[in-house]
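Input: a single structure, listed below in structure tokens.
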Amino acid sequence: MSDSEVFVAWLKEKGGTFHNTTQHVRVPSGYAILAKERLPADSTIVSCPFDLVITKAIALKALSRLFPSENLSNWSARQCISSYLCFHQIIDDASYIPELAHRPYVNMLPSREKLRTGLHFTPLELDMFRGTNMHGAITDRETEWRREWEECRAVVSNVDTRWGLLFTWSVARSTFNSIVQVSAQGNYFWKPVLLPGVDALNHARAHPVSWVVTDAENISLVIHASANAGEELFNNYGAKPNSEFILGYGFSLPHNPDDTIVLKIGDKKWEVGREAKGADQVWDAFLSFVSQNPEPDYEDYLEAAAALDDAVQQLMQRLPADKGPSARLEMRPEVMAMLHDYVEGQRDILRSLVEFCETKKQLAVEMAKAAGIDLVFDDDD
């Protein structure tokens, strides 16, 4: 039997379900779930019993069997779950510890060769993002997750040096990326978990789905759109910017309407979306910075607009330019697509901020005119 057949059989044996008219098809990123025949709307595609949900508690139970003398209470949920997944690969004999109970699921996770998240970029690919917030976000995440992995490896090596040698960063970072924050419908939970089967479907923006807790024992994925035979069935991870998709999932959406850019002033951060959504808060910060008046006047507006515009122009100049043929040859196509989609979104948002600044400048002109002052600008202003 194939890995997917073993997984589906295991899921059903444990009380879960996978719609009989679905099939797992191998794709470059792992698997896609396709309809074998027409599926009506509101079909329950997969259900997972809560007994199979991988939580920090489940992971700790198994790890405590492996490291009975170690105190793991300070480990995060990510450290626990990642280590739990890793030991399915480190210990081949499933009978060694029955608490390592998710081997059919672990065998379905994408191998590190197939992962394209920011942590799996080559040095050249990462360098192509230099000048963007994404570059810093990737390096910050690697620093944080490496620190967590080193803490785990120290414990593992203390128990068994051979295990420590097998508990590599390459293995650990792949399992780290499998773990996401999950919120079920009705906020049943909001924490890092893994949902075998439910997390098997790829993402489609605005695709109508529900994660339904039908009773106290199962969580199910219901797709509200019909599907024809041969069509891929999709989940919906929610409205997210490409920065989050690239960092956590390893893909991007062209012209993603949910894209944002993070602007920093001192220790404060703001997210601004396309069409300058959220820019008013940034404007208020710039205005309060330049104005000493309880009621800002037209001069304050002009100064704040100029300061914000200058900051935006600097960010635009830092963005990577379109890459030439030689760079494309050295980048994997999926990463090149992510770079293109991400930079397009950042540039579009910054352009909308330039227009936003211009509207504030025009407002200053109107304020001055109301005060009996005609403002005249040089062509370069």
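At position 335 of the sequence shown (counting the first as 1) the number is 337 in our numbering, and the numbers step up by one without a gap. Built from N, CA and C at the ideal position, the CB exists for glycine as well.
Shown here, H21 sits in coil according to DSSP, grouped into three states, outside any helix or strand.
Our two residues, G133 and E15, have alpha carbons roughly 50 angstroms apart in a direct line. Beyond the five residues adjoining it in sequence on each side, S49 comes within less than 6 angstroms, by CB distance, of G18, T19, N220 and S222 in the same chain, given in chain order. In this structure, F52 is the residue among F52, T23, A79 and A11 with its C-alpha nearest to the C-alpha of A218.
Apart from sequence neighbours up to five positions away, the residues of its chain that approach A64 with a beta-carbon distance below 6 angstroms are Y86, E101 and L102, ordered along the chain. Restricting attention to D162, L265, P296 and V292, the CA atom closest to the CA of A306 is found in V292.
Our two residues, K116 and L265, have alpha carbons roughly 32 angstroms apart in a direct line. Contact annotation: C88 and F169 have beta-carbon atoms nearer than 8 angstroms. Under the Cβ criterion (8 angstroms, minimum of three pairs), the segment 311-321 counts as touching the segment 349-358. Check the Cα spacing between W213 and each of S31, T46, V10 and D5: the tightest is with T46. Under the DSSP assignment, L167 falls in the alpha helix (DSSP H) whose first and last residues are T163 to L168. Rounded to the nearest whole angstrom, the CA to CA distance from T119 to M340 is 10 angstroms.
Beta bridge pairing from DSSP links Y300 with no other residue. Annotated three-state conformation of W272 is strand, per DSSP. The residue among P30, T177, P106 and A309 with its C-alpha nearest the C-alpha of R80 is T177. The three-state secondary structure of S222, taken from DSSP, is strand.
Taking the Cα of D201 as reference, the smallest distance to any Cα among I375, E144, E368 and I35 is reached at I35. In terms of CA proximity to E360, Y303 leads the group I181, T24 and Y303. By the Cβ-count criterion, M130 is buried, with 16 or more other Cβ atoms from all chains shown falling within 10 Å of its own Cβ.
Assignment of beta strand (DSSP E) within the segment 31-55, counting only whole runs of 3 or more residues, yields 32-37 and 45-51 in chain order.
Secondary structure at V29: strand, using DSSP grouped into helix, strand and coil.
DSSP places I99 in no alpha helix (DSSP H); its state is neither H nor E. Inter-residue distance for L62 and D5 is about 26 angstroms (C-alpha atoms, whole angstroms). Where V173 is concerned, the enclosing alpha helix (DSSP H) starts and stops at W171 to F178. The shortest C-alpha to C-alpha distance from L197 to any of S75, T216, L13 and A241 is the one to L13.
The beta carbons of I248 and M110 sit no closer together than 8 angstroms. CA-CA distance, P335 to R114, rounds to 17 angstroms. For S212, the enclosing beta strand (DSSP E) starts and ends at V211 to V214.
Assignment of E72 by DSSP, reduced to helix, strand and coil, places it in the coil class.
In the DSSP annotation of this structure, the continuous segment of the beta strand (DSSP E) that includes K266 starts and ends at T262 to I267. In the structure shown, K193 adopts extended strand secondary structure according to DSSP, grouped into three states.
Closest option to D269, judged by alpha-carbon separation, among A287, R276 and D282: A287.
For Y86, the enclosing alpha helix (DSSP H) starts and ends at A79 to I92. Each residue's CA atom was taken as its position, placing K242 and D343 some 14 angstroms apart. Judged by DSSP secondary structure, G120 falls outside any alpha helix (DSSP H); it is assigned neither H nor E. Note on geometry: alpha-carbon atoms of G347 and S245 lie some 10 angstroms from one another.
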